[in-house]
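Structure, as structure tokens:
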Amino acid sequence: MQNIYFNHDGNVDDLVSLLLLLEFPDTKLIGVGAVGADSYVEPAVSASRKIIDLFGQDTTLEVAKSNSRPVNQFPKEWRLSAFSFDDFPILNEHLDNNNQPKTKLASQPAHLDMLEKIKASQQKVTLIMTGPLTDLARAIEIDPTIVDNIDELFWMGGSMNGVGNVAEPEHDGTAEWNAYWDPQAVETVFDTDLKITIVSLDSTNQVPLTKALRIRWAKQRQFPALDLIGQGYSLVHSFEANSTYYLWDVLTTLVSKYPELVDSKPIKAAVITDGPSAGKTFVTDNGRPLTFVTQVNSALFFDKFDELAQAAKTNY
0 MQNIYFNHDG NVDDLVSLLL LLEFPDTKLI GVGAVGADSY VEPAVSASRK IIDLFGQDTT
60 LEVAKSNSRP VNQFPKEWRL SAFSFDDFPI LNEHLDNNNQ PKTKLASQPA HLDMLEKIKA
120 SQQKVTLIMT GPLTDLARAI EIDPTIVDNI DELFWMGGSM NGVGNVAEPE HDGTAEWNAY
180 WDPQAVETVF DTDLKITIVS LDSTNQVPLT KALRIRWAKQ RQFPALDLIG QGYSLVHSFE
240 ANSTYYLWDV LTTLVSKYPE LVDSKPIKAA VITDGPSAGK TFVTDNGRPL TFVTQVNSAL
300 FFDKFDELAQ AAKTNY
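According to numbering that gives the first Met the number 0, the sequence shown holds residues 0 to 315 in order.
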């Protein structure tokens, strides 16, 4: 049995990752935390609780709300999807009499919830993070021994080829947003001896969100999870020139359970914490060891995606 803690930042790809995580075989999801990075935290937490209500089987599972704050905030336009996702009728038709989800809100903020649940686990925990590393960095600063009970960290973040997705004034464009949101947190985590697998921007080129993929899901909307997934991804379109939306977070999530979906290699990497390259991750002989995802078997990936989504049964 694999114990997993999932910390995400609330956009569509994160919420779809949570849904699929609930269908992982031989897995116990011990906790979920949401941070308002590529989202706003209130709808991200709310949508997470409703997804667990609808598809989860563990009535003790809680969602923790992060109070972490950015060094550099995501563009507002990117963050709005969480509000629409949270409003989907399929997630709201079975709320309680007070219009609240049944899945509980954790009593502590996400970094303390992460610390408590990972430390309390009787076996080492797989930690999946599809947003910034801030909650983990804060937990490490409070109690560095948390890393002793983490089997491996799977992080969607960074870019190893020098091409980022940050287009902000006075930045050179080399950073990925999850790293740029809080570069110091990346350094804090990199300074530990955690085993880390990184899925970066340049790891995901084989899993774009295409028109054909949207139609593939539309033709399977008889499955409730795929109906929700198709609606979710209808919220995200990349209208900027030469811009494509990729399934960054779902890939990271699935790799934690199905490493055969990808090819990886060992690298050594570091991060720049300030200046015009703040948040840039890069390969260097003086860096810390990482496992870096290099290639994806896209056919196997999308088949596994559909298999998990088709298996998701609603609780109502």
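All C-beta atoms in this analysis are idealised placements derived from N, C-alpha and C, irrespective of residue type, glycine included.
*Nearest to I271 by alpha carbon, out of T283, V254, R215 and L260?*
Nearest C-alpha to I271: T283.
_Cβ shell of A166 (< 7 Å), same chain only, five flanking positions each side left out_ = Cβ within range, chain order: G172.
_DSSP state of M159 mapped onto helix, strand, coil_ = Three-state result, M159: coil.
*Have a look at P288 and R137 and give me their C-alpha separation to the nearest angstrom.*
22 Å
*Starting from R287, trace the beta strand (DSSP E) both ways and give me its first and last residue.*
R287 to V295
*State the Cα-Cα distance for the pair S38 and A81, rounded to the nearest angstrom.*
So the two alpha carbons sit approximately 6 Å from each other.
*On the three-pair Cβ rule with 8 Å, is the segment 113-120 touching the segment 73-92?*
Counting Cβ pairs under 8 Å, fewer than three are found: no touch.
*Which listed residue (I3, L21 and V31) has its alpha carbon closest to that of A224*: L21
*Can you say whether I141 is buried or exposed, counting buried as having 16 or more other CB atoms within 10 angstroms of its CB?*
exposed
*Tell me whether N241 sits in a helix, a strand or coil according to DSSP, three-state version.*
Note that N241 scores 45 on pLDDT, short of 50, meaning its location in the model is unreliable and no value can be drawn from it.
*How is the alpha helix (DSSP H) around L17 delimited, first residue to last?*
It spans V11 to L20 - the alpha helix (DSSP H) in which L17 sits, taken as one unbroken run.
*Taking DSSP as the reference, what is the three-state secondary structure of P69?*
coil
*asked:* Residues in the same chain with beta-carbon distance under 8 Å from D190, minus the five sequence neighbours each way, listed in chain order, please.
replied: For D190, same chain residues with a beta-carbon under 8 Å away, outside a window of 5 residues either side, are R287 in chain order.
*Below 8 Å between beta carbons: does that hold for R78 and V62?*
Cβ atoms of R78 and V62: not closer than 8 Å.
_Span of the alpha helix (DSSP H) around T251_ = W247 to V254
*Taking DSSP as the reference, what is the three-state secondary structure of E61?*
strand
_N241, buried or exposed, once every other Cβ within 10 Å from all chains shown has been counted against 16_ = Low confidence applies to N241: its pLDDT is 45, below 50, so where it sits in the model is not reliable enough to give any reading.
_Pairs of beta-carbons, one from the segment 119-126 and one from the segment 94-107, closer than 8 Å: are there three or more?_
no
*asked:* Considering Cα atoms alone, identify which of V188, P108, G278 and F222 is closest to I145.
replied: V188
*If we ignore side chains and look at the alpha-carbon of each, how far apart do N296 and S199 end up?*
Taking C-alpha positions only, N296 is separated from S199 by approximately 16 Å.
*Does the Cβ-Cβ distance between W180 and P131 come in under 8 Å?*
yes
*Straight-line CA distance for Q205 to Q294?*
Annotation: Q205 to Q294 spans about 7 Å, alpha carbon to alpha carbon.
*Using three-state DSSP, classify W154 as helix, strand or coil.*
The answer is strand: DSSP assigns W154 an E or B state.
*Candidates F281, K194, V185 and V162: closest to P69 by CA position*: V185
*asked:* On the criterion of 16 or more Cβ atoms from any shown chain inside 10 Å, does D0 qualify as buried, or is it exposed?
replied: The residue asked about is misnamed: residue 0 is Met in this sequence, not Asp. It counts as exposed.
*Residue closest to P265, alpha-carbon to alpha-carbon, out of E41, Y244, I195 and P74*: Comparing C-alpha distances from P265 to each of E41, Y244, I195 and P74 shows the shortest one belongs to I195.
*asked:* For Q56 and H170, what's the separation of their Cα atoms in angstroms?
replied: 45 Å
_Rounded straight-line distance, which links the Cα of N285 to that of A211_ = Distance between the alpha carbons of A211 and N285: 43 Å.
*With a Cβ-Cβ cutoff of 8 Å, do V34 and S83 count as a contact?*
No. Outside cutoff.
_I need the DSSP call for F23, collapsed to helix, strand or coil._
coil
*Complete runs of the beta strand (DSSP E) confined to the segment 112-147 [at least 3 residues]*: 124-128
*Could you check the C-alpha separation between D226 and L104 for me, to the nearest Å?*
26 Å
*asked:* Could you tell me the alpha carbon to alpha carbon distance between M155 and D8, rounded to whole angstroms?
replied: 11 Å
*As assigned by DSSP and simplified to three states, the class of N97*: When DSSP states are grouped into helix, strand and coil, N97 belongs to the coil group.
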